[in-house]
Each structure stands twice: as C-alpha cells, then as structure tokens.
Amino acid sequence: MAMANMVSISAAFALVIAAMRCIAEAQIVPLENVFWLANLATGVFCGATIFAATFAVLCATFFTAKRRRAKLEAELDSPDDI
Numbered sequence: 053m054a055m056a057n058m059v060s061i062s063a064a065f066a067l068v069i070a071a072m073r074c075i076a077e078a079q080i081v082p083l084e085n086v087f088w089l090a091n092l093a094t095g096v097f098c099g100a101t102i103f104a105a106t107f108a109v110l111c112a113t114f115f116t117a118k119r120r121r122a123k124l125e126a127e128l129d130s131p132d133d134i
C-alpha cells in the first residue's frame, strides 16, 4: 500500500513538473516549438529522483526503528531486571 502511494505520488510529481515546464516554455515560444518529449523526460527523471529519495528515507527510518525495537526487546528480556 505504501509503495503504491509512493509510486503514484512520484508519477504525479513527474507530470506536474513536465506540465510546468511545458507551460513555461509555451509562454516564451510558439506551441509548435515546445520540446514536449524533453520536458516529459525531465519530469520523469525528477519523479524518479523523488521516488528514490523518498524510498531511501523510508528504508532508513524502517531499519532504524527495527534496530531500536530489537534493542528494547533485548533490554526487557534480560534477566538483570529482577
């Protein structure tokens, strides 16, 4: 579920970035001179970069939480408490 949300958010970012570039370029040059494919490629690259960065942060957070939980469980299970 979280992975699907991340992919859809990254795809939305890619489309928004491509659309913003196309709109900005269309304000400067005529529509037939807009580099549609280049703008889409830039958007896809930015979306993929956002996906990779978000995935890396979530993985780091998950593994840190997993390590902390194991440490807490080890402390609670130790016989030194009694």
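Everything in the sequence shown is counted per my numbering, starting at 53 for the first residue and increasing by one.
Positions of the beta carbon are idealized from the N, C-alpha and C atoms, including for glycine.
Assigned secondary structure, residue i (DSSP; H/G/I helix, E/B strand, else coil)
i           : result
residue 68  : helix
residue 107 : helix
residue 114 : helix
Beta carbon of residue i nearer than 8 Å to that of residue j
i          : j          : result
residue 91 : residue 70 : yes
residue 59 : residue 97 : no
Residue from the options whose Cα sits closest to the Cα of residue i
i          : options          : result
residue 55 : 67, 128, 110     : 110
residue 67 : 107, 77, 93      : 93
residue 57 : 112, 101, 107    : 107
residue 88 : 81, 131, 115, 74 : 74
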